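Here the structure comes first, spelled out in structure tokens, and everything after it is commentary.
Numbering (the UniProt record's numbering), first residue to last: 1 to 353.
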């Protein structure tokens with residue numbers, strides 16, 4: 001795999017990235033971890049407009065289903081030690097131009113969230129990294145997972161009329177990782193914490209309860225899923241432990257996950273994670289924020305003895321988040337390289353670097 005690297009925008013401590021469909025076109029949102037802004041770009045990395053001025057404190061952004069440019073985002077989560085004022089906001093295009101933001105839920109220490117759809121209903125699921133801090137690096141208050149059904153009209157929510165969320169699970173130390181998508185055909189959210197990795201399935205038609213399944217019991221920071229080896233079943237790619245340096249791949253067998261691969265090198269402070277198709281090849285992308293700060297791609301190499309292999313796409317990068325997409329017949333990888341304050345767009349194609 002070879003990539004052509006282009007820095008498309010400079011943003012101090014750029015962090016969160018998300019797709020947005022707005023006015024009939026696909027766009028990308030990028031927001032800062034701390035004092036910088038949230039911007040919107042086109043799919044080729046060209047700046048379009050500033051959505052809000054900093055400070056951001058944005059860990060997650062997710063488009064509201066069936067809307068034109070509406071999305072939810074976290075604000076004021078600046079670090080694990082500075083997240084007591086964290087909240088979830090609604091951001092939507094204003095009729096007079098620009099963007100309008102409003103609070104839908106104050107949720108201290110909320111780090112990641114998603115919107116899951118089941119039937120005609122949409123559910124918000126949110127994970128808090130912890131539940132309180134008395135002093136720096138205090139982990140004595142474990143995090144929780146919350147959920148609620150979203151109203152059809154989110155504009156009814158405000159600081160005075162916030163969403164009512166119930167606790168699905170608590171006691172989750174260093175509740176950091178979040179994945180949303182399909183795992184072996186089931187739409188779900190998955191979270192990673194010190195107690196392991198847990199799958200959350202929303203209520204089905206006529207059902208009122210969430211279903212929770214524990215996938216592993218080892219400390220993990222992040223995870224993602226894809227059928228890397230083409231056997232029809234999704235592998236799970238993990239970063240272990242919290243903000244850790246170990247990349248692993250698991251296969252599901254007999255209703256449990258077994259570790260089948262561990263990356264031979266240490267990826268210090270691994271953080272960015274994504275899985276899907278890269279130039280037609282099922283792959284997982286991992287970025288780490290200390291040491292050599294590589295952007296890595298993991299994929300399956302078939303042969304007499306098939307095996308998982310890692311390709312180095314970039315060094316001295318330090319991505320906080322990354323995603324890959326196809327546009328105009330080309331494959332792009334968008335990375336928020338937090339450690340260099342650069343939003344980078346890589347154009348990828350098969351071949352040797």
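We put the beta carbon where it would ideally sit given N, CA and C, even for glycine. Computed from a predicted model, the values in this text were never measured in an experiment.
First through last residue of the beta strand (DSSP E) which encompasses residue i
i           : result
residue 61  : 61-63
residue 114 : 110-118
residue 222 : 222-226
residue 342 : 342-349
residue 248 : 246-253
residue 50  : 47-52
residue 357 : Since the displayed the chain opens at 1 and closes at 353, residue 357 lies outside it and no answer follows.
residue 91  : 87-93
residue 327 : 319-327
residue 265 : That residue, residue 265, is in no beta strand (DSSP E); it is neither H nor E in DSSP.
residue 186 : 186-193
residue 337 : 330-337
residue 58  : Residue 58 -> no beta strand (DSSP E), and no H or E assigned at all.
residue 236 : 235-240
residue 78  : Note, residue 78: premise wrong, no beta strand (DSSP E); not H, not E.
residue 181 : 177-183
residue 271 : 270-278
residue 19  : 14-22
residue 27  : 25-32
residue 10  : 2-10
Between the CA atoms of residue j and residue i - distance to the nearest angstrom
i           : j           : result
residue 243 : residue 331 : 28 Å
residue 340 : residue 318 : 7 Å
residue 151 : residue 124 : 10 Å
residue 43  : residue 140 : 42 Å
residue 99  : residue 91  : 7 Å
residue 373 : residue 126 : Nothing about residue 373 can be read from this structure; the chain reaches only from 1 to 353.
residue 313 : residue 290 : 16 Å
residue 225 : residue 51  : 31 Å
residue 273 : residue 342 : 17 Å
residue 55  : residue 212 : 35 Å
residue 347 : residue 166 : 42 Å
residue 237 : residue 309 : 13 Å
residue 227 : residue 257 : 14 Å
residue 20  : residue 89  : 16 Å
residue 37  : residue 281 : 34 Å
residue 275 : residue 33  : 23 Å
residue 222 : residue 16  : 15 Å
residue 26  : residue 95  : 20 Å
residue 316 : residue 246 : 18 Å
residue 23  : residue 67  : 10 Å
Supposed close pair residue i, residue j - CB separation, criterion 8 Å
i           : j           : result
residue 306 : residue 229 : 7 Å
residue 355 : residue 74  : There is no way to answer for residue 355, as the model of the chain reaches only from 1 to 353.
residue 354 : residue 195 : Outside the modelled stretch of the chain, which goes from 1 to 353, sits residue 354, for which no answer is possible.
- request: Report the residue ranges of all beta strand (DSSP E) runs contained in full by the region 130-169; include only those spanning at least 3 residues, in chain order.
  value: Complete beta strand (DSSP E) runs here, min 3: 143-149.
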